[in-house]
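Participant: Below is a structure I'd like to ask you about.
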Amino acid sequence: MAYEPKQIERKWQAVWAEEGTWEVANPGRPGYEDSKPKSYVLEMLPYPSGEPHVGHLKCYAVGDAIAHFRRRHGFEVIHPMGYDSFGLPAENNAIKTGEPPREATERSIASFRRQFGEWGISIDWSRELATHTPEYYRWTQWIFLRLFEKGLAYRTVAPVQWCPEDATVLANEQVVDGRCERCGTEVVQRSLEQWFFKITDYADRLLADFDRLESWPEHVITMQRNWIGRSEGAEVVFRCEEAGLDFPVFTTRPDTLFGATFFVLAPEHPELERLVAGTEAEGAVRSYVDRVARESASERGAEDRAKTGVPLGRSVVNPVNGEEIPVYVADYVLMEYGTGAIMAVPAHDARDYEFARKFDLPVQRVIEGTDPEAARDPRGLPYAGDGQMTNSGRFDGRGNREAYAEIVSWLEEEGRGEPAVNFRLRDWLVSRQRYWGAPIPVVYCEACGEEGVPAIVPVPDEQLPVELPEIEDYAPQGRSPLAAAEEWVATECPRCGGPARRETDTMDTFVDSSWYFIRYLDPRNSEAAWDRAAADHWLPVDQYIGGVEHAILHLMYARFFTKALADLGALDVQEPFANLFAQGMITRDGAKMSKSRGNTVSPGEYVERYGADTARTYVCFMGPPERGGDWTDEGVEGVNRFLSRLWRLCEEVEAGTEPGGDAAGAEGEARELLAKAHWAVDKATRDFRRGFQFNTVIAAVMELVNDAYRLKDGLFGTQGGEAVLRFATATAASLIFPFAPHLGAEVYERLTGERVWEQPWPEADPELLASDTVTLVVQVNGKLRDRIEAPAEAGKEELLALARGSEKVARHLDGKDVVKEIVVPGKLVNLVVR
Ligand SMILES: [Zn+2]
Ligand SMILES: [Zn+2]
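In this note's numbering, the protein residues as written are 356 to 1189.
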């Protein structure tokens, strides 16, 4: 019979579904196995939009292999699945087609669920969740309220990144090179009242706790470290006497303070108004600020851009030397970094230097350096290198690096500044002016407010969830589409009972995915977000698997949530993901896959044509999983041929051998195959553990199958040979099971009568691995009679004994005299008889 994957796959999928094979119970519940250590294996949950793509196939095939490997090493493995089902694509589709986001989302979820079943992923379906259901987002809202109580969720006016296309604000992490991460539109700055999470309170812990992680890819840690962007320096105050205002400045270069010759404010600086109100500069400054407001962040950030700015007609005092220096507003200073104001040191900073040349401002050198690499123009300016300090009062003649700490302590003693740490990380902007998200659970009440400012009143826990109402028009108009749902918006104040209005912004979907891995542990709990004992038992996630594109967004937000929830007493861990595996991207025929190129791979088509086992094994075989790989149809066919060969081998071995034979004492080719099987076990196990090198694990099984196929005809009907054939074929099935679970289960059951997933992972016999063997050719009167595996180091007598011991050889010696023995060590024994 030919290999019919569909038949085999359906059969086993039905068994696993009926028996709930992959379901695990929580401690204290029936079915819980307390003798086993736990292992939480988790792939990032999919965003359900349309059909699963090949990246999904890879992520879940890799995660599933790990889950199976751990189960067969005696772990109680929890391996759940859910859907990150709020978000913009469903809403944008709704705007285009009028189809409610819920319908499109749920249709897509059904498709993902069906395909996960068809791929044979070993999911504990009893724990399935979707973040758009009220049963889930009730607890997202509950967490929001806990953060609000702790002051970790707050509302304020701030300059924010606005995507004109999506008509919503974005978190800084969602802006890539000045463009919207989602749609690629250039982002503009706006000043708006928004909700934030105070992730900056956790900046130091987010950095320090990299030490708590067991194994994360170094490049992911580096990306987070850079994003958090901790820098040490000093905060120095420049005072404007006329206006009576202090301007603190953060600098990483206090050694250049004496060279500050002017001062620059960001156009968004909150004190700008007060500085220019009623002055001659007011008009010019206003129009400049208005113009900047229409610029994109990427335009403003461009290095080579001509500098622009407007003098304010004011000056501030440089605290180190008492000099009055003029103040400008310029767009090259960003409000997001430091305090939104800088001391400009044109002699030692390229952008300040260009500005000084354009506006004809003095350039004061304070570091004499000789490093030619560090200078740009013939005058040696601006100079970015190290050297001797000059024009710096008491510090003249000192090396700038050496004097650094001394300058900071001098500033502190003199009350002119203090040591300071600055972070690039900003608070996480979480409100969105969109419909398809979890409503923010607060109301605004005029009566409870003061001086015409309505009070923010949290919705009491017992009134959660604040359910998303059904609406007709999803089109964004610069405010949340929810604002049009008048009946929903108008509500009662939980504090005073008077009329109040609901918050109409919804939460960033990254909020939903920042805690889903905890909800899996107790997904049907309607009394609490999770049972503390269940969370304590299963957390942290022992192995997390997902794409590297989440290095900053999801992976950092989830770390922040875990720490905040631990501080609230709701969790006992500080880090959610002990080990992280970041899978590489798959290309096709050498090119990046994209819908516009029309070269995407639909896993569904390949599963239909070749079966899930082929598709899964192929994505794990195409290259080291962390590096990705290139999808080719020839590659898929190659893997399909390998699985077909294993299938045919199983058919022949099952028909041609009897079960229950003993492989011990196998000789010759039987021993060769037995050793190969143990070699494959050893190689597969080591490569699995060595960073999931699945491509070489699978290659080892291929070698084993090839050898069994090559040697089988010589082994049928031989004593020991049949048992070895069965053993080798069953071992191949056992080792390929994590990748091709259906075929693995089928072959293994046929040859052993056992269920492979209930069997421990095979162990290699060190005796069969230890010594190097050679194949000894044994001749009688110059004719080949046998090949024997012999220890490489065996001497003449041992080789002769082995040769005489062979059954095939013995037949030709019967009743005859051996007159000569020719031995070529490591190669040949020839017995001359008469
Ligand atoms: Zn956008
Ligand atoms: Zn009220």
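For each residue, glycine too, the CB sits at the ideal point set by N, CA and C.
Please report how far the alpha carbon of Arg646 lies from the alpha carbon of Met744, in whole angstroms.
Facilitator: Near 40 Å, if we compare the C-alpha coordinates of Met744 and Arg646.
Participant: Tell me Arg943's beta-bridge partners as DSSP assigns them.
Facilitator: Paired residues: Ala946, Trp986.
Participant: So within the stretch 380–436, which uninterrupted alpha helix (DSSP H) runs reach at least 4 residues, ignoring any that extend past its ends?
Facilitator: Counting whole runs of 4 or more residues, the stretch 380–436 contains the alpha helix (DSSP H) stretches 409–426.
Participant: Thinking C-alpha only, which one of Pro820, Met690, Leu819, Met698 is nearest Glu679?
Facilitator: Among Pro820, Met690, Leu819, Met698, the Cα nearest to that of Glu679 is on Met698.
Participant: Does the beta carbon of Val812 fall short of 7 Å from some heavy atom of ligand 2?
Facilitator: It does: the Cβ of Val812 is within 7 Å (strictly closer) of some heavy atom of ligand 2.
Participant: Can you name the start and end residues of the alpha helix (DSSP H) that Ile1053 belongs to?
Facilitator: Looking at the DSSP string, the run of the alpha helix (DSSP H) that includes Ile1053 is 1049–1070.
Participant: Which residue wins for smallest C-alpha separation from Gly1015, given the options Asp988, Ala1078, Ala1021, Gly1072?
Facilitator: Taking only the C-alpha atoms, the option nearest Gly1015 is Ala1078.
Participant: Beta carbon of Arg545: closer than 7 Å to some heavy atom of ligand 1?
Facilitator: Result no, Cβ not under 7 Å from ligand 1.
Participant: From Leu923 to Pro1093, what distance separates their C-alpha atoms?
Facilitator: The alpha-carbon atoms of Leu923 and Pro1093 are separated by roughly 39 Å.
Participant: What's the C-alpha gap between Gly752 and Glu761?
Facilitator: Straight-line Cα distance between these residues: approximately 14 Å.
Participant: By Cβ distance below 7 Å, which residues in the same chain neighbour Ala685 in space, the five residues on each side in sequence not counted?
Facilitator: Counting only Cβ-Cβ distances below 7 Å, and skipping sequence neighbours, we find Val619, Lys662, Thr663, Gly664, Phe710.
Participant: So for Trp885, helix, strand or coil by DSSP?
Facilitator: DSSP places Trp885 in coil when its eight states are reduced to three.
Participant: In whole angstroms, give me the CA-to-CA distance for Ala422 and Val1052.
Facilitator: Approximately 16 Å, taken between the alpha carbons.
Participant: Run the proximity test for Glu528: is its beta-carbon closer than 7 Å to any non-hydrogen atom belonging to ligand 1?
Facilitator: Flag unset: Cβ of Glu528 not near ligand 1.
Participant: Along the alpha helix (DSSP H) that carries Gly1023, what are the first and last residues, could you check?
Facilitator: That run of the alpha helix (DSSP H) goes 1023–1044.
Participant: How is Arg534 classed by DSSP in three states: helix, strand or coil?
Facilitator: Three-state result, Arg534: strand.
Participant: Report yes if the CB atom of Arg720 is closer than 8 Å to the CB atom of Asp741, and no otherwise.
Facilitator: No, Cβ-Cβ distance for Arg720 and Asp741 is not below 8 Å.
Participant: Tell me which same chain residues have a C-beta within less than 8 Å of the C-beta of Gly1069, skipping the five on either side of it?
Facilitator: The residues are Glu1024, Gly1076.
Participant: How many angstroms separate the CA atom of Arg580 from the CA atom of Thr1107?
Facilitator: Looking at the two C-alpha atoms, the distance is approximately 52 Å.
Participant: Does the Cβ-Cβ distance between Val798 and Thr861 come in under 8 Å?
Facilitator: The answer is no: Cβ separation not under 8 Å.
Participant: Roughly how many angstroms separate the alpha carbons of Glu1009 and Ala1035, rounded to a whole number?
Facilitator: Their Cα atoms are separated by approximately 21 Å.
Participant: Can you grab the Cα-Cα spacing for the pair Ala300 / Ile1091, in whole Å?
Facilitator: This structure gives no information on residue 300, because the portion of the chain shown stretches from 356 to 1189.
Participant: On a CA-only basis, which of Leu1186, Val1179, Val1178 is nearest Leu1168? Give me that one, please.
Facilitator: When each option's Cα is compared against that of Leu1168, the closest is Leu1186.
Participant: So, using beta-carbon positions, are Pro572 and Leu935 closer together than 8 Å?
Facilitator: Closer than 8 Å, so yes.
Participant: Taking three-plus beta-carbon pairs below 8 Å as touching, is the stretch 905–915 in contact with the stretch 408–425?
Facilitator: Touching, no, given that fewer than three Cβ pairs across the two stretches are closer than 8 Å.
Participant: Give me the pocket residues for ligand 1, defined as CB within less than 6 Å of any heavy atom, sorted by chain position.
Facilitator: With the cut-off at 6 Å, the residues found are Cys518, Glu520, Asp521, Cys535, Arg537, Cys538, Thr540.
Participant: At what residues does the alpha helix (DSSP H) containing Lys361 begin and finish?
Facilitator: First-last of the alpha helix (DSSP H) with Lys361: 360–374.
Participant: Indicate whether Pro809 and Arg493 have their beta-carbon atoms separated by less than 8 Å.
Facilitator: Cβ distance not < 8 Å, so Pro809 and Arg493 don't count as in contact.
Participant: Cβ of Ala802 within 7 Å of any heavy atom in ligand 2?
Facilitator: True, at least one ligand heavy atom lies under 7 Å from that Cβ.
Participant: Can you round the beta-carbon distance between Leu630 and Leu600 to whole angstroms, since I take them to be within the 8 Å contact cut?
Facilitator: Between Leu600 and Leu630 the Cβ distance is about 7 Å, and since that is below 8 Å, they are a contact.
Participant: Give the C-beta separation of Lys950 and Glu1007 to the nearest angstrom, bearing in mind that I take them to be a contact with Cβ-Cβ under 8 Å.
Facilitator: No, Lys950 and Glu1007 are not in contact; Cβ-Cβ is about 45 Å, not under 8 Å.
Participant: Give a yes or no on whether the C-beta atoms belonging to Pro980 and Gly945 are separated by under 8 Å.
Facilitator: Not a contact, by the Cβ cut-off of 8 Å.
Participant: Inspect the beta-carbon positions of Trp783 and Ile554 and report whether they are closer than 8 Å.
Facilitator: It is a contact, given that the beta carbons lie within the stated cut-off.
Participant: For Asn1061, which of Asn448, Ala1083, Arg1045 has the nearest alpha-carbon?
Facilitator: The option with the nearest alpha carbon to Asn1061 is Ala1083.
Participant: Between the C-alpha atoms of Leu1155 and Gly1072, what's the straight-line distance to the nearest angstrom?
Facilitator: Near 26 Å, if we compare the C-alpha coordinates of Gly1072 and Leu1155.
Participant: Sorry if obvious, but does the Cβ on Arg850 come closer than 7 Å to a heavy atom of ligand 2?
Facilitator: The answer is yes for Arg850.
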